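Taking it in order: structure first as C-alpha cells, then the write-up.
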Ligand code: GLN
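Residue numbers (the numbering used here): 1274 to 1558.
Here is the structure:
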C-alpha cells in the first residue's frame, strides 16, 4: 500500500488492501481505523474526505491498517468494543465481547426484573468483565464477583470496572473457575465458557483463531468440556432459588440443558440469539 494525501484517498486504498486480505467489512473497518488514527468519530471521518493527512497521521493510519491486514480483530487494534451500549477495553488476553452474549444479559435481566434488588452475581471466566459489569450497571443495587484464571484478563476487567464506576460493587479474583470461592453463594451466576470443539479450530476466522486467547475458546472434542467440569459443582455456589446462565455454542443448548437437569436444576430454559440459535441455557438451583 502506498501513502495517500487526503483522508478519502487513504480510505479507498486501505479498503482495497483490507478487501484483498479477506476482511469482510473492509470499508467500515478502514473508516473506524481512520477515526482512531485521527481521534475522530466515524461520522467525523465521513464528513472530511478532503482532509489532507499530516505525515504522522498517515503513518499512524497505515500502521493500523497493516495490523488489520494481518487479520488482528478491530477491537484489539482500537483497544475497545461496545457491548450493551457500554464500552469495554479489550486486549489479546480477553475474548472480545460479542453481540451473541447479550442474549445472556437479556435472559438474566428478565429473570431478575427488580432494578433495585441487592442481588449477588458471580461471573465465571469474566474476561473483559462484560457480563458481570453490564449486569451491575443494569442492577444498581447488586454486587458481584468476577473470576478468571488469567491475571492479564483480570487487569482488563479491573480497568473496565473502574471506567464504568463499578469498583465499589465488584470484586475480581484470580481463580480456576470456582476453586478460590470456598462456599460463597450467589443469586445469579453467569458464564461464557470456552465451547468451540477442538476440531473446528481450522475453520474459524483468523481474527478468532490467531488472535483471541485459546483457553477462552476451545473445550475438548465436542466443545462441552467446560460445562462437564462446571455443572456438577456449581449448585454449591447458588443460593436457594438462584439461577445460572450459560452461554452455549451452536447445537449445544440441548446437551447443556440435559446436564443441568441431571445436576438437579429446575425451570430450565433456552434463549435464542438474534440469529435464532439457542445461545443461553438457564436453570434454577
Ligand atoms: N462465540 C465465540 C466464537 O464463536 C466463542 C466464545 C466461546 O467459546 N465462549 O468465536
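Idealized CB from N, CA, C, for every residue including glycine.
Remember, it's a predicted structure, so these values are computed and weren't measured experimentally.
- By the beta-carbon neighbour count (other beta carbons within 10 angstroms, threshold 16), residue 1325 is exposed.
- Among the bridge pairs identified by DSSP, residue 1520 is matched with 1553.
- Of all C-beta pairs linking the stretch 1465 to 1480 to the stretch 1406 to 1413, fewer than three are shorter than 8 angstroms, placing the two stretches out of contact.
- Secondary structure of residue 1446 (DSSP, three-state): strand.
- From the listed residues 1499, 1406, 1535, 1319, the smallest Cα separation to residue 1520 is found for 1499.
- Within the same chain, Cβ atoms closer than 6 angstroms to the Cβ of residue 1426 are found at 1366, 1367, 1400, the five residues on either side in sequence being excluded.
- Bounds of any alpha helix (DSSP H) do not take in residue 1417; it lies within the beta strand (DSSP E) bounded by 1416 to 1421.
- With the rule of 3 Cβ pairs closer than 8 angstroms, the stretch 1449 to 1458 does not count as touching the stretch 1378 to 1386.
- Residue 1526 places its beta carbon 7 angstroms or farther from that of residue 1504.
- In the same chain as residue 1346, and ignoring 5 residues on each side of it, the C-beta atoms closer than 6 angstroms to its own belong to 1369, 1480, 1484, in chain order.
- In this structure, residue 1500 has its CB at a distance of at least 6 angstroms from all heavy atoms of the ligand GLN.
- Between residue 1518 and residue 1557 a beta carbon distance of about 11 angstroms is seen, past the 8 angstroms cut, so the two are scored as non-contacting.
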